[in-house]
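So the structure is just underneath, and the comments pick up after that.
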Amino acid sequence: MRRFHDATEDNLSRTKKERSSSLPPHLCRYFTIAEIRAATNNFDDVFIIGVGGFGNVYKGCIDGSTLVAIKRLKSGSQQGANEFMNEI
Numbered sequence: 001m002r003r004f005h006d007a008t009e010d011n012l013s014r015t016k017k018e019r020s021s022s023l024p025p026h027l028c029r030y031f032t033i034a035e036i037r038a039a040t041n042n043f044d045d046v047f048i049i050g051v052g053g054f055g056n057v058y059k060g061c062i063d064g065s066t067l068v069a070i071k072r073l074k075s076g077s078q079q080g081a082n083e084f085m086n087e088i
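Going by full-length UniProt numbering, the first residue of the sequence shown is number 1, and it counts up by one from there.
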């Protein structure tokens with residue numbers, strides 16, 4: 001049981017590190033997958049505004065009035081997750 005607990009703690013630590021940003025916290029907001037799904041109507045094709053090497057780009061609306069562009073990394077992308085993170 002202890003071993004499983006340690007692995008969970010490692011995953012949580014890694015997630016926190018991945019979220020670190022050089023931007024001040026008041027300038028950078030993280031969205032839940034539920035918010036992103038709601039903004040794009042569950043990634044409906046009607047909301048696609050572009051396609052790139054990483055996948056589709058969707059138009060969305062957050063908080064009822066803020067228009068956003070949401071990039072979705074497609075599985076099997078020719079470009080890696082690190083490059084995707086650098087781009088966004």
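A virtual CB, placed ideally from N, CA and C, is assigned to each residue, including glycine. Computed from a prediction, not measured in an experiment: that's the story for all the values here.
Once the 5 residues before and after residue i are set aside, which same chain residues still bring their CB inside 8 Å of it?
| i | result |
| --- | --- |
| residue 62 | 31, 35, 39 and 68 |
| residue 2 | Because residue 2 carries a pLDDT of 40, less than 50, the predicted location of this residue cannot be relied on, and the following value inherits that uncertainty. Answer for residue 2: no residue qualifies. |
Leaving aside the five residues before and after residue i along the sequence, list all residues of the same chain whose C-beta is less than 7 Å from its C-beta, in chain order.
| i | result |
| --- | --- |
| residue 47 | 40, 41, 58, 59 and 60 |
What residue range does the alpha helix (DSSP H) around residue i cover?
| i | result |
| --- | --- |
| residue 37 | 33-39 |
Using CA coordinates, which residue listed in the options is at the minimum distance from residue i?
| i | options | result |
| --- | --- | --- |
| residue 53 | 24, 73 and 86 | 73 |
| residue 70 | 33, 83 and 24 | 33 |
| residue 55 | 65, 43 and 64 | 43 |
Whole angstroms is fine: what's the gap from residue i's alpha carbon to residue j's?
| i | j | result |
| --- | --- | --- |
| residue 86 | residue 28 | 15 Å |
| residue 26 | residue 66 | 17 Å |
| residue 50 | residue 64 | 22 Å |
| residue 45 | residue 37 | 12 Å |
| residue 83 | residue 24 | 22 Å |
Quick check on the DSSP output: the beta strand (DSSP E) that includes residue i runs from which residue to which?
| i | result |
| --- | --- |
| residue 71 | 66-71 |
| residue 46 | From DSSP, residue 46 is part of no beta strand (DSSP E); its letter is neither H nor E. |
| residue 59 | 56-62 |
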